[in-house]
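Sequential numbering of the sequence shown, starting at 381, is according to my numbering.
Notes follow the structure.
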Amino acid sequence: MGAMLRLCLSGPVEVLVREAPIDLGPPQRRAVLAALAVDTGRPVSVEVLIDRIWGADPPEGARRALYAHIARIRRLAERLDDGGDGRLPVLRRSGGYQLDLDPDRVDLHRFQRLAVQARDSARPDRTRVALLREALGLWRGEPFAGLTGTWPARMRETWRRQRVEAAVRLADMEINGGDPAAVVGELTDLLGEYPLTEPLAEALMRALHATGDSGEALRCYAQTRRRLVEELGTEPGRRMWELHQEILRERPAEHAHAREHEAAPTTPTTPTPAPPAPGPEAPPPGPPIPSIPGIPPIPPPSLTAPVTSHTTPAQLPAGTPGFTGRIDELGRLDALLADVAQRPAAVVVSALSGMGGVGKTAVAVHWARHRRSAFPDGQLYVNLRGFDPSGAPLPPDRAVRGFLDALGVPATRVPESLDAQVGLYRSLLSGRRVLVVLDNARDADQVRPLLPAAAGCLALVTSRSPLTGLAVAEGAQLLALDLLGAEECRDMLAARLGAARVAAEAAAVDEIVVRCAGLPLALGVVAARAAARPAEPLAVFADELRTAERILDPLDTGDPATAVRTVFHWSYRTLSREAARLFRFLGLHPGPDADLASLAALAGVCVTQVPEQVRELTAAHLLIEHVPGRYTCHDLLRAYAVELTAEHDTTAAVRAATRRVLDHYLHTAYAADALLTRRHHPMRLAPAEPGALPRQLGDYDAALAWLITEQPVLLSAVERPPAGFEAYTWQFAATLTTFLERQGNWQALTDVHTAALRAASHQGDLAGQAAGHRGLGLARFQLRDPQGARHHFTRALDLFEQLDNHAGQARTCQNLAKMAWAHGATREALHHSRRALEHFLLAHDRGGQAVALNDLGWYLAELGELRQALDYCQRALPLVQATGDLSGQAHTWDSLGYIHRHLGRHATAVECYDRALALFRKTGDRRSEAIGLSYLGDTYAEAGEPASALDTWKQALDLFDELGLPEADMLRNKLTTHAN
């Protein structure tokens, strides 16, 4: 790594080489680089990158635009590497990309590292001061300057807090070290940037007061108070008010704030207890707060709640034996301890949510027990029974009364009304460090009366509901608990059963992990059963899960609190009738996730009616919105839904729902294929089931976007058709043929048509067999199996002829022509292409005729008949433009480019290739785009423009490599030859 290269995220996103910025291109390319850079050294998925750059509603071409930007960043990196200026490698990783850069070369990563080092109390104070000064000196301005969107704004706020924290810590150390003047200027500038940030104002007040300029410190207070009152309608917090009083009394302020900032969030120590509220022995208050013109004085923060009990409660239940994993979640909870210290005027609330059985209580209790030393004044715990078998959540008054008992309040002193009880409870916590764990809450209303109001306390809430209301009104930090990863599952089993037993049966353990699908409760049940039968091989338990007619049966313990089916039922029974019906039908959905339109088809209701049901299911964590607008369901919940369907719904209702959702996808896919090809499809569909609600796709872009999004669902529908619906297998496969071919997904093309041919042959369906043979022919051709391809094409042609299906014969003749040309038999290709044109004419398919004319032009050009070839392609162009066939237009412009190049008209050829490439990108035909780029590079080379040729070939090589195409090696050799 060359030391001269730096990547800057503070201020505009820039790459500096020898401290000079280099041209990165448009803002969106800077956004791509920034989205990779925040996770330097770690892979970032394509979906996450798209969300960071375009937000929750990305444009239809977002994925293609992302690939284009990354390809250009890679070429920039190559130029930097070639010039010896340093490396900026963007690596392809499974599902995404990774910026493989030393984090110290990214300013904000270096800032974070230095700030963390400065928290180490073992280092000398001057070293820590130097580290903080270096860290803060890296800031060049507002992070991501010039970039818009939700994600950049969120990251700016995160880094703003880190910058403020570092600046305040530096101020504390300089003041304590006897040099407060060293930070006055910096704090003044920073407070100018963030004028409503009380910790900055407090630090500046302390620094000014320590230098002897108490009047300026009081003016700082007055200005900050004015802003807070005018802009936020609130008074300064208690800590700032107390500091103000100290200055008014001309008494040096104690630097408790500095001590609190010594605790590193990554390894929290016991937070400093907040000072007790003044009782009868407290000193009299200082002079009143000076009034601000136009703003009436407001009394100081209340200091009158007396502590009437010093009982230290310790109510936490026992932890889960063998608890493992959840490192990230525990780390985020640890960060709350630093938040407790940094938010002196407000209680910190964290809400932990997730589906039943995901381990919310285990995580909360495990963390609470290991961090209880941070709350020396006690730990309160209550199970609110929000989703309890009894069906009755614990009323707030009973929960508060339990807390008052734990805090040592005599029964005679407990007030009668709930409001008075809550007031006493909160008064008792004032000035104390207490952790309050509110487990299994039903909703936010059940939780609110139990939240402490005292600084220094932390409330940790668990619920199956997301509790977003707490985030809005109380500022709660929300943490959704996900399923365990495969490695965490194995660790959990090893902790319960012993590492030796788990290691000895790795295959059985892997199957148990897969069958339990990452649900801790399910794994816990299997582990408990296996621990009770230590002589039994783990393969026995894996077999039970695999062979059980109902997979939830082996996960039934007989105890309502731990039986998986029962735990699911607690959530199911809270649903409305409509939401419960939709949940049951989720087991009938063919794919891994669904959008609102397909869920409406499943339920048999209008699209406008389904959002409310979906909100109800997601609130109960029976459905998860894993990406915006896409919903998924845990495998075991789907199994539970299937059980409920068999129990509650008639066979006729189940078949109707199944047909509705299959027809929704099939008829939409059929319409999408028609928009992609603009040709008559060889297959004809029966009318859709009433209520199927196929999507209305307006144009090519909408069709392509829908197919890309729904591809996993459509492939799943082919692979696992419901019993009695096998005909859908080949029909889905037939609608996917063109899409999968253009995407270069040859393995998927093979898989769907293998399944299609098997299903059609079993049913004796000749149309399905013809479509299956043609699809397999395409796949075998692309996978370099000409003998297999010819067999399938020939069989398809025979079957389409038996069926008198001219559209099918035309397409198959086109395929035979391409295969012949690929193997050097251009005359044979010309023959098949002429037959294709004849069948398209008989099928009255103008779009197909246009494509056949272009094919004839291409093959004639290959044979050197350039004038005749030009005539055919010029006849094809207005036809494909009239039908709106973007792919046909792209290929026709590509043919015209090839012809003009060989006629020596290089400028015209470049123009034709540019038109073709723009259309290939629009249609998502990445293989043709790569080939077109290669031809364009050849044209530049022949025209005497070697620099343009090399740049264009490199673009082509990026695509060939990404698609894993064999042309990559030939092009790489060409690049090496021309570069030398």
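Think of the CB as a built atom: it goes at the ideal place given N, C-alpha and C, for glycine as much as any other residue.
Limits of the alpha helix (DSSP H) - the one that residue i falls within
| i | result |
| --- | --- |
| Asn556 | 530-556 |
| Asp1338 | 1326-1343 |
| Ala839 | Segment 838-843 is the beta strand (DSSP E) holding Ala839; no alpha helix (DSSP H) there. |
| Arg374 | With the chain covering only 381 through 1360, there is no way to say anything about residue 374. |
| Gly476 | That residue, Gly476, is in no alpha helix (DSSP H); its beta strand (DSSP E) goes 476-479. |
| Leu979 | 976-983 |
| Ser753 | That residue, Ser753, is in no alpha helix (DSSP H); it is neither H nor E in DSSP. |
| Asn1353 | 1347-1359 |
Whole-angstrom C-beta distance between residue j and residue i, which should lie under 8 Å
| i | j | result |
| --- | --- | --- |
| Leu798 | Val827 | Not really, about 14 Å apart at Cβ, beyond 8 Å. |
| Phe1180 | Gln1189 | 5 Å |
| Val841 | Ala821 | 6 Å |
| Val1132 | Leu1158 | 11 Å between Cβ atoms; not a contact. |
| Arg926 | Asp936 | The pair is not a contact, with the Cβ atoms about 16 Å apart (cut-off 8 Å). |
| Ala1296 | Asp1265 | In fact, because the Cβ distance is near 13 Å, the residues do not count as touching under 8 Å. |
| Asp1043 | Glu1069 | 5 Å |
| Gln1123 | Gly1304 | 7 Å |
| Gln1149 | Ala1140 | 5 Å |
| Ala977 | Leu1073 | 6 Å |
| Arg953 | Ala983 | That pair is no contact at about 19 Å. |
| Leu1156 | His1142 | Going by Cβ atoms, the distance from Leu1156 to His1142 rounds to 16 Å, so no, they are not a contact pair. |
| Leu1112 | Val1098 | Strictly speaking, residue 1112 in this sequence is Phe, with Leu absent from that position. The Cβ separation is near 5 Å, so the contact holds. |
| Ala1287 | Gly1277 | About 11 Å; that fails the 8 Å criterion. |
Cβ-based neighbour list, residue i, same chain, cut-off 7 Å, excluding 5 preceding and 5 following
| i | result |
| --- | --- |
| Ser390 | Asp487, Leu488, Leu518, Trp519, Arg520, Gly521, Pro523 |
| Gln1261 | Gln1269 |
| Ala1147 | Met1063, Leu1183 |
| Val893 | Ala866, Cys869, Arg870 |
| Leu1351 | Ser1314, Trp1333, Ala1336, Leu1337, Phe1340 |
| Arg1307 | Gly1124, Leu1343, Leu1345 |
| Val548 | Pro579, Leu580, Ala583, His641 |
Endpoints, the beta strand (DSSP E) within which residue i is located
| i | result |
| --- | --- |
| Gln857 | 857-860 |
| Arg953 | No beta strand (DSSP E) holds Arg953; DSSP gives it neither H nor E. |
| Val1041 | Premise fails: Val1041 lies in the alpha helix (DSSP H), 1031-1057, not in any beta strand (DSSP E). |
| Ala1066 | Unbroken run through Ala1066: none, as it is neither H nor E. |
| Ala566 | Per the sequence shown, residue 566 should be read as Glu rather than Ala. Run containing Glu566: none in the beta strand (DSSP E); it sits in the alpha helix (DSSP H), 561-573. |
| Val762 | 759-763 |
| Arg1010 | 1010-1012 |
| Val1007 | 1004-1007 |
| Leu1384 | The structure shown does not extend to residue 1384, since the chain spans only 381 to 1360, so no value can be given for it. |
| Arg386 | 385-388 |
| Glu394 | 394-397 |
Nonlocal neighbours in the same chain, by C-beta distance under 8 Å from residue i, ignoring five residues either side
| i | result |
| --- | --- |
| Pro483 | Thr420, Gly421, His489, Arg490, Arg493 |
| Val470 | Leu416, Ile450, Ile453, Arg454, Ala457, Tyr477, Gln478, Leu479, Asp480 |
| His1006 | Asp973, Thr1012 |
| Ala644 | With a pLDDT of 34 at Ala644, under the threshold of 50, the modelled position of that residue is not reliable, and no figure is offered here. |
| Leu955 | Phe963, Glu996, Leu997, Ala1000, Leu1002 |
| Leu1330 | Gly1317, Leu1355, His1358, Ala1359 |
Residues of its chain near residue i, where Cβ-Cβ distance is below 6 Å and the 5 sequence neighbours each way are ignored
| i | result |
| --- | --- |
| His1186 | His1219, Leu1222, Ala1223 |
| Ile1004 | Thr1012 |
| Arg398 | Met384 |
| Ala636 | Because the pLDDT at Ala636 is just 38, under 50, the model does not fix this residue reliably, and the value given afterwards should be weighed accordingly. Closer than 6 Å at Cβ, skipping near neighbours: no residue. |
| Cys986 | none |
| Leu1196 | Phe1173, His1212 |
| Met735 | His1001 |
Stretch-stretch touch, CB-based, cutoff 8 Å, three pairs: the region 849-865 with the region 776-783: no
Whole runs of the alpha helix (DSSP H) within the region 1122-1151, excluding any shorter than 4 residues: 1126-1143
Secondary structure, beta strand (DSSP E): runs of 3+ residues fully inside the region 1272-1322: none
Cβ pair count under 8 Å reaching 3, the region 560-577 against the region 532-544: yes
Contact between the region 1224-1231 and the region 1244-1261 (3+ Cβ pairs under 8 Å): yes
Cβ contact (3+ pairs, closer than 8 Å) linking the region 1044-1058 and the region 1013-1025: no
Length-filtered (4 minimum) alpha helix (DSSP H) runs lying within the region 766-832: 776-786, 798-809, 824-827
Segment contact, 8 Å Cβ cut-off, at least three pairs: the region 1158-1171 with the region 1026-1041: no
contact_flag[the region 501-518, the region 435-451] where n(CB pairs < 8 Å) is 3 or more: no
At least 3 beta-carbon pairs within less than 8 Å: the region 746-762 vs the region 806-814: yes
Contact between the region 800-810 and the region 700-720 (3+ Cβ pairs under 8 Å): no
Completely contained alpha helix (DSSP H) runs for the region 402-436, where each covers 4 or more residues: 407-417, 426-434
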